[in-house]
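Residue numbers (our numbering): 1 to 350.
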């Protein structure tokens, strides 16, 4: 390309059959899943911004990009790879010795799955917090939310410092590293994807390793908060929480979840405002709903455990690296206030 040259990307929907609810549909995936209103583009492969709104004509979409140099990168959304995860973790460790890298496991293809542990607690039973992203590889925005969260957690913000002193926070920015690195979507993979693999015999080493660590937190009676980060459907213009059916929760967990969600609504406000309505999984959501991570954590957690899935919108003008990171920072602020003002282990008075 040459500076000032106008480039037009003409995108067509796939003709390959998609899977849904664990079965081949025999039909292609609806094209709106692969055609955002605005594409992401970069002139250096590092800093990403959005194009102007694309022009839709049937099952085709065109995007215009004006070149600034000799190359232009265009993507469905701002990419986030395992290299990005390693860079985030390394930067966190340089910011504070409270942040340390660990390897969750090796993937089926032998790739390292990096994680980050953040804690300054000297308490024998610090609050246990687990955050992971990208159980569905295509949902790259969820890793940017994790980045914003980590950047805030290791910052000099007083609320972040207070949380580090009283909690042990684990963040896994990319769970499905194999599909992220090969460019596959991951969701509804055969025999099922990572977020349908939470049973007694998981297929994926990442899920098995996460289960082992989460079971240990539960054994220590400090599995206090689990948040799984995702991106939702193209028509979802506001972030929202998915949670399991309330009848599977103890009265303590019900109280804790209501408190946490209320605080999250007060913090996740701009540029992407949290939808006040929480959605519920269950038998009508997916046939493997009991094997979804959030429900597995509820079933294997402690009486006080809060388990939730945060879905951050990807198809808006604010679904940018900065917009996603703002959601992550605001999620961190909500988590900090939850533990600062509310002890989730306190029993409900009779």
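The beta carbon of each residue, even a glycine, is placed where N, CA and C say it ideally should be. Source: prediction; values computed, not measured.
Segment contact, 8 Å Cβ cut-off, at least three pairs: the segment 53-68 with the segment 223-234: no
Residue 167 versus residue 33 - alpha carbon distance: 38 Å
Spatial distance of residue 336 from residue 44 (CA atoms): 36 Å
When 182, 122 and 309 are compared against residue 108, the one with the closest alpha-carbon: 182
Reference residue 177, options 22, 298, 2 and 193, closest by Cα: 193
Residue from 179, 123, 99 and 235 whose Cα sits closest to the Cα of residue 115: 99
At least 3 beta-carbon pairs within less than 8 Å: the segment 194-209 vs the segment 316-324: no
Given 8 Å, three or more beta-carbon pairs between the segment 271-284 and the segment 224-243: yes
Option in 184, 185 and 215 with minimal Cα separation from residue 198: 215
Under 7 Å between C-beta atoms of residue 28 and residue 85: no
From 188, 164 and 235, residue whose alpha carbon lies closest to that of residue 340: 164
For residue 25, the three-state DSSP class (helix, strand or coil): strand
DSSP bridge partner residues for residue 8 (one or two, in chain order): 64
As assigned by DSSP and simplified to three states, the class of residue 114: strand
Residue 363, DSSP secondary structure in three states: Here the chain covers residues 1 to 350 and nothing more, so residue 363 does not appear.
Per DSSP, cross-strand counterpart(s) of residue 127: 167
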